[in-house]
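Asker: Take the sequence shown: its letter number 35 is residue 34 in numbering that gives the first Met the number 0, and every next letter is one higher.
Glycine is no exception: its CB is placed at the ideal position from the N, C-alpha and C atoms.
Sharing a structure below in structure tokens format, with a few things to ask.
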Amino acid sequence: MSTYGVNDVYGVDELEATGRAVVEAHERGHDLGEWRPINERMRVAGCRLCGQLVWIVRPPGDEETWRVGGNAFNAGCERGFGKG
Ligand SMILES: [Zn+2]
Numbered sequence: 000m001s002t003y004g005v006n007d008v009y010g011v012d013e014l015e016a017t018g019r020a021v022v023e024a025h026e027r028g029h030d031l032g033e034w035r036p037i038n039e040r041m042r043v044a045g046c047r048l049c050g051q052l053v054w055i056v057r058p059p060g061d062e063e064t065w066r067v068g069g070n071a072f073n074a075g076c077e078r079g080f081g082k083g
């Protein structure tokens, strides 16, 4: 249960990591709900439409760099995609 599956590495601070996660998820049609802290090193937000997740993770040993990942980045939102 230690595999986060982080597939994108940005090397940014927490605020910017959160912002990028929101923007990237939105570009795929997701509508993220509120961020929930899993622990000191991980925050998770789920799409309100399809339930897929995005997260930011601060790897052990790195006190400043947050990484962005999530299964919501692997595909567009099933319910939000194609809107308009
Ligand atoms: Zn979605």
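Do residue 30 and residue 52 count as a contact pair if the criterion is CB distance below 8 Å?
Answerer: Translated into positions along the sequence shown, residue 52 becomes position 53. Translated into positions along the sequence shown, residue 30 becomes position 31. No. Outside cutoff.
Asker: Threshold first: 3 residues or longer. Then list the beta strand (DSSP E) segments lying entirely within the stretch 33-78, N to C.
Answerer: Runs found: 35-38, 41-45, 52-56, 65-68.
Asker: Which residues are close to ligand 1, meaning CB closer than 5 Å to any heavy atom, in chain order?
Answerer: Any residue whose Cβ sits closer than 5 Å to a heavy atom of ligand 1 makes the list: 29, 46, 48, 49, 76.
Asker: Hey, residue 19 and residue 67 are a contact pair by Cβ (cut 8 Å); roughly how many whole angstroms apart?
Answerer: In the sequence shown, the residue the question calls residue 19 occupies position 20. In the sequence shown, the residue the question calls residue 67 occupies position 68. Indeed they touch by this definition, with Cβ atoms about 6 Å apart.
Asker: Ends of the alpha helix (DSSP H) at residue 18?
Answerer: The residue given as residue 18 occupies position 19 in the sequence shown. Residue 18 -> alpha helix (DSSP H) spans 13-26.
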